[in-house]
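Chains as they are written, first to last, in the working numbering: chain A, 1 to 204; chain B, 1001 to 1083.
We put the beta carbon where it would ideally sit given N, CA and C, even for glycine.
Some notes on the structure that comes next.
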Amino acid sequence: MGRAERPVTTTEPTGAGSFEQEALPHLDAVYRFALRLTGSTSDAEDLVQETYLRAYRAWDQYTPGTRAKSWLFTICRNAYLRQRERDTRRDQLVARAAAQEDDSNVPHNETPVFAGRPHYDPEGDFYRSLVDERIFEAIDSLPPEFREVVVLSDLEDLSYQEMARVLDAPLGTVKSRLFRGRKLLQERLYHLAVEAGYIRERQP
Amino acid sequence: MSDIDCKEALKKLYEYLDGELSPTDARDIEHHLEICAACYPEVRLTTEYREALRRAAQGQPCCPEGLRHRIAHIIEKERRTPP
Ligand SMILES: [Zn+2]
């Protein structure tokens, strides 16, 4: 039911397909996504608020039966990008560097992350030594273009197709960014484990 | 069943783990990984990585109650306002 057809009453339209039933259950997910995008709880709260207001106003454009979660992520990300444009240009350099790297002609199947790297933890047990806080620290340190794909995929379980829609990017770009983002994150997590003394790197 | 080599298997490893491969491609890679010792370290590392992120994902905060109420209030206000 489109918004225009919705009767303006005080009764709660909470039936199947309503904004309440479809969109509100994703508040936690949208908040988490906003938190990773903005890096601050107060900015995340503002962003989620704006996202839900925009989503409510655009509810008649939502296709019932599609995943409301990724539809909300799209709105959230667009609102975030607009906000960021209005704000400072502090991310510009990072974004430019990432965009240069993110050439879809570059195959996303490169050498495995740890291939040839001498270390004492070939089984990857160091991952178990990392507390969540360190993991989020590493995620938040990624350039935005890589951070968002990693978050959408590895934290929020979106499919490649859903990510392509949220990011408004071709599937090939999504795959290549995801590959690079994961590789970057794995390297950073590895270094955190080294710093924490969990892995001792072999002396050259 | 077509045989694939290590290069092909590692190239598609993420797509396989992400559940993005066709059933045929997924079976090919599964078959290869079952019998290949050379691919094992990378598979193990990738699996540990995914586990770590899944674990972290579960530890993420929920939407604060105050925000939840504010949003419900905003939506209610919108609803009362004629378009
Ligand atoms: Zn192999």
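{"query": "Nearest neighbour of Q49/A, chosen from F179/A, R67/A and D28/A [CA to CA]", "result": "D28/A"}
{"query": "DSSP-derived helix/strand/coil call for S159/A", "result": "coil"}
{"query": "For ligand 1, residues whose Cβ lies under 6 angstroms from any non-hydrogen atom", "result": "C1006/B, A1009/B, H1032/B, C1036/B, A1038/B and C1039/B"}
{"query": "Any chain A beta carbon closer than 8 angstroms to Y1049/B", "result": "yes"}
{"query": "Three-state secondary structure assigned by DSSP to D43/A", "result": "helix"}
{"query": "Length of the line joining the Cα atoms of G197/A and S1022/B", "result": "41 angstroms"}
{"query": "Euclidean distance between Cα positions of L1017/B and Q161/A", "result": "15 angstroms"}
{"query": "Beta-carbon spacing of T41/A, L47/A below 8 angstroms", "result": "no"}
{"query": "Residues in the region 1020 to 1034 of chain B having any Cβ partner in chain A nearer than 7 angstroms", "result": "E1020"}
{"query": "Inter-stretch contact (C-beta, 8 angstroms, three-pair minimum) for the region 138 to 157 of chain A and the region 184 to 194 of chain A", "result": "yes"}
{"query": "CB of T33/A within 8 angstroms of CB of V149/A, strictly", "result": "According to the sequence as given, residue 33/A is Phe; it is not Thr. For F33/A and V149/A, no; Cβs fall outside 8 angstroms."}
{"query": "Residue-chain proximity (F146/A, chain B), Cβ-Cβ < 8 angstroms", "result": "no"}
{"query": "Minimum Cβ-Cβ distance from I1103/B to chain A less than 8 angstroms", "result": "Absent from the model: residue 1103/B. The displayed extent of chain B is 1001 to 1083, so no value can be given."}
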